[in-house]
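These notes concern the structure reproduced below.
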């Protein structure tokens, strides 16, 4: 199942199901291609979360099957991955949705006086 | 743990992946594990992560996976369920009959047991176990 190029909302829904690791990988790839080790290091810096290598490859395969990332020709033994246009749209949609939820949460905390 | 044993543990975990996955990611995954070990990540946690990933890889159906394999698994599961249900259904009336005999009473007619006229399987009426004595 690949996400349509213009279908950001569907992409956001897919990402919601795909899990946190997939979102973090897409965020990490948003500023350029990276291979596995670089992704783990970047996500550790970015989110303070150390992805296990098994989790990383599972998420990479899932994102590739969905058409949200693509594998570039191998450098040595490492495969760099690049975010695709549908991947960028899906990430944007997902982040927008998180922002809306976050804003609503903050507003309710304020209204509740907590 | 020395380097060769560490490497052996990771290699063993990587061997648990399907061959298709190993052809695509195997070398890179081994190199990544070596880099993570060098950085101080415990080898056991790397091996566990790969083992979990391997289990997920085997359990996740792929678009190219042969449909017949999935159908066989589903058929086997249905057979096991059917046999279990059959055993339960046949054990229930037998147990009720033997319990009735043990109390020196006949089992309630029509509640459980074979229908004499048809010889059909047991008929169980929920709520019919009324606690009244049906026997003499």
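Chains as they are written, first to last, in our numbering: chain A, 5 to 118; chain B, 5 to 140.
Note that the Cβ used here is the ideal one computed from N, Cα and C, for glycine as well.
Model, not experiment: these values are computed from the prediction.
Taking 8 Å as the CB-CB limit, is residue 40 (chain B) close to chain A? Chain A, which has a Cβ nearer than 8 Å to the Cβ of residue 40 (chain B), makes this yes.
Return the Cβ separation of residue 57 (chain A) and residue 33 (chain B) in integer angstroms, given the expectation that the two are a contact with Cβ distance under 8 Å. Right, their Cβ atoms sit about 6 Å apart.
Inter-residue spacing [alpha-carbon to alpha-carbon] between residue 88 (chain A) and residue 35 (chain B): Going by the C-alpha atoms only, they are around 26 Å apart.
Under 8 Å from the C-beta of residue 81 (chain A): neighbouring residues of chain B: Within chain B, the residues 31, 32 and 35 have their CB atoms less than 8 Å from the CB of residue 81 (chain A), given in chain order.
So residue 72 (chain A) and residue 90 (chain A) are in contact, right, with Cβ under 8 Å, and what is the actual spacing, rounded? Sure, about 6 Å apart at Cβ, within 8 Å.
Who does residue 69 (chain A) pair with in a DSSP beta bridge? For residue 69 (chain A), DSSP assigns no beta-bridge partner whatsoever.
Have a look at A:116, A:43 and A:92 and flag the residue whose alpha-carbon is nearest the alpha-carbon of residue 70 (chain A). Nearest neighbour of residue 70 (chain A) by Cα position, chosen from A:116, A:43 and A:92, turns out to be A:92.
By the criterion of Cβ-Cβ separation under 7 Å, what are the contact partners of residue 61 (chain A) in chain B? Taking a Cβ-Cβ cut-off of 7 Å, the neighbours of residue 61 (chain A) in chain B comprise 29, 33 and 57, given in sequence order.
Can you tell me where the alpha helix (DSSP H) holding residue 21 (chain B) begins and where it ends? Looking at the DSSP string, residue 21 (chain B) is not in any alpha helix (DSSP H), and its letter there is neither H nor E.
Residue 33 (chain A): which of A:80, A:79, A:96 and A:81 sits nearest, CA to CA? Closest option to residue 33 (chain A), Cα to Cα, is A:96.
DSSP bridge partner residues for residue 87 (chain A) (one or two, in chain order): Per DSSP, A:73.
Residue-level contact to chain B via CB, residue 10 (chain A), 8 Å cutoff: For residue 10 (chain A), the predicted structure reports a pLDDT of 48, less than 50, and the residue's modelled location is therefore unreliable. A value from the coordinates is still provided. Residue-level contact check: residue 10 (chain A) does not touch chain B, since none of the beta carbons of chain B fall below 8 Å from its beta carbon.
So which residues on chain A does residue 26 (chain B) lean against when the C-beta distance must stay under 9 Å? For residue 26 (chain B), none of the residues of chain A pass the 9 Å Cβ criterion, the least Cβ distance being about 11 Å.
Distance check for residue 61 (chain B) and residue 65 (chain A), CA to CA, integer angstroms please. So the two alpha carbons sit approximately 10 Å from each other.
Given that residue 53 (chain B) touches chain A, what residues does it touch there, using C-beta distances under 8 Å? Ordered by position in chain A, the residues that pass the 8 Å Cβ test against residue 53 (chain B) are 56, 57, 58 and 59.
Near-chain B residues of the region 41 to 52 of chain A - C-beta to any C-beta below 9 Å: Residues of the region 41 to 52 of chain A that bring their beta carbon within less than 9 Å of a beta carbon in chain B comprise 41, 44 and 45, in sequence order.
Provide the residue span of the alpha helix (DSSP H) that contains residue 60 (chain B), from first to last. Here the alpha helix (DSSP H) through residue 60 (chain B) covers 47 to 63.
For residue 79 (chain A), which of helix, strand or coil comes out of DSSP? Correct three-state label for residue 79 (chain A): strand.
Would you check if the region 36 to 47 of chain A and the region 76 to 85 of chain A touch, i.e. whether three or more CB-CB distances between them fall below 8 Å? Yes: at least three Cβ pairs fall under 8 Å.
Can you check which of these residues, B:83, B:92, B:58 and B:51, is closest to residue 14 (chain B) by C-alpha distance? Minimum Cα distance to residue 14 (chain B) is reached at B:51.
Which same chain residues, not among the five before or five after residue 25 (chain B), have their C-beta less than 7 Å away from its C-beta? Once the five neighbours on either side are set aside, the close Cβ partners of residue 25 (chain B) are 61.
Give me the Cα-Cα distance between residue 36 (chain A) and residue 19 (chain B), rounded to the nearest whole angstrom. The straight-line gap from Cα to Cα measures roughly 31 Å.
If you draw a straight line from the C-alpha of residue 78 (chain A) to the C-alpha of residue 29 (chain B), how long is it? Using only the alpha carbons, I get a separation of about 11 Å.
Residue 84 (chain B) versus residue 94 (chain B) - alpha carbon distance: When rounded, the distance between both Cα atoms is 15 Å.
For a contact defined as C-beta to C-beta under 8 Å, what are the partners of residue 19 (chain B) on chain A? The premise fails here: residue 19 (chain B) is roughly 13 Å from chain A at the closest Cβ pair, so nothing lies under 8 Å.
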